[in-house]
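Peer 1: Quick note: to get the working numbering, add 131 to the position in the sequence shown (first position is 1).
The C-beta atom is built at its ideal place from N, Cα and C for all residues, glycine as well.
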Amino acid sequence: MADTDTVDILSLETAWTYKVSVLAQLIARHTSEALALVSDLNLSQWRTLAAIADTPGRTARDVVSGTPMDKGLVSRAVGALVERGLVERRSSPSDGRLSHLHLTRTGTRHYGEIIGALRRAGAMGGAERRLLNDLDRL
132 MADTDTVDIL
142 SLETAWTYKV
152 SVLAQLIARH
162 TSEALALVSD
172 LNLSQWRTLA
182 AIADTPGRTA
192 RDVVSGTPMD
202 KGLVSRAVGA
212 LVERGLVERR
222 SSPSDGRLSH
232 LHLTRTGTRH
242 YGEIIGALRR
252 AGAMGGAERR
262 LLNDLDRL
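1) My output table needs one value for S230: the three-state DSSP class, helix, strand or coil.
2) What residues match up with E144 in a beta bridge as DSSP calls it?
3) Kindly indicate the opening and closing residues of the alpha helix (DSSP H) around R236.
4) Measuring only the C-alpha atoms, how far is L172 from L143?
5) Give the range of the beta strand (DSSP E) segment to which V218 is assigned.
6) When DSSP labels each residue in this structure, what does S170 get in the three-state scheme?
7) Have a look at A181 and T148 and give me their C-alpha separation to the nearest angstrom.
8) Which same chain residues, not among the five before or five after L141, have their C-beta less than 8 Å away from its C-beta?
9) Would you report the Cα separation of L229 and S223, rounded to the nearest angstrom?
10) Can the beta-carbon of R189 be found less than 7 Å from the beta-carbon of L249?
11) Out of S225, S170, L174 and H241, which one is the CA nearest neighbour of I158?
12) Please check the pair L234 and A191, which I expect to be a contact at CB under 8 Å, by giving their CB distance rounded to whole angstroms.
13) For the structure I just gave you, are there three or more beta carbon pairs, one from the segment 234–247 and one from the segment 201–216, closer than 8 Å?
14) Considering only the beta carbon of each residue, do V205 and V195 sit closer than 7 Å?
15) Taking the straight line between their C-alpha atoms, what separation do you get for T179 and D139?
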């Protein structure tokens with residue numbers, strides 16, 4: 132490149148997209164560490180469990196569209212959660228090819244224990260909630 136050419140350099144330290152990405156990674160790491168204290172679920176399984184708890188009856192496709200996970204991760208997570216008795220599949224009355232996902236009693240209890248531990252560990256603290264509220268306004 133000649134000395135007279137200039138390139139507009141994007142400073143990562145000031146790029147909000149980079150900062151959000153770093154924040155997401157930090158939150159995921161902190162959540163994983165807190166999760167490991169009370170459960171042997173991995174982060175994908177936890178996110179799937181939380182998505183189903185948030186909206187019972189979701190399909191796996193709904194979980195994919197509402198989380199930062201791809202179809203393969205969600206499929207494996209659902210399989211593991213069903214195998215452990217935390218989630219059950221219920222056939223759709225209108226389309227037998229679809230399964231709606233619901234927490235079992237054991238899943239509901241385990242979800243509550245995890246939420247309590249995450250709150251105690253500060254993984255769902257006020258600063259995170261304020262930031263998420265700010266992002267929602269964008």
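Peer 2: Looking at the coordinates:
1) strand
2) For E144, which the question treats as bridged, DSSP gives no partner whatsoever.
3) R236 to A252
4) 33 Å
5) Segment V218 to S222, the beta strand (DSSP E) holding V218.
6) Coil, per DSSP.
7) 25 Å
8) none
9) 5 Å
10) No Cβ-Cβ contact shorter than 7 Å links R189 with L249.
11) Nearest C-alpha to I158: L174.
12) Not really, about 15 Å apart at Cβ, beyond 8 Å.
13) yes
14) yes
15) 41 Å
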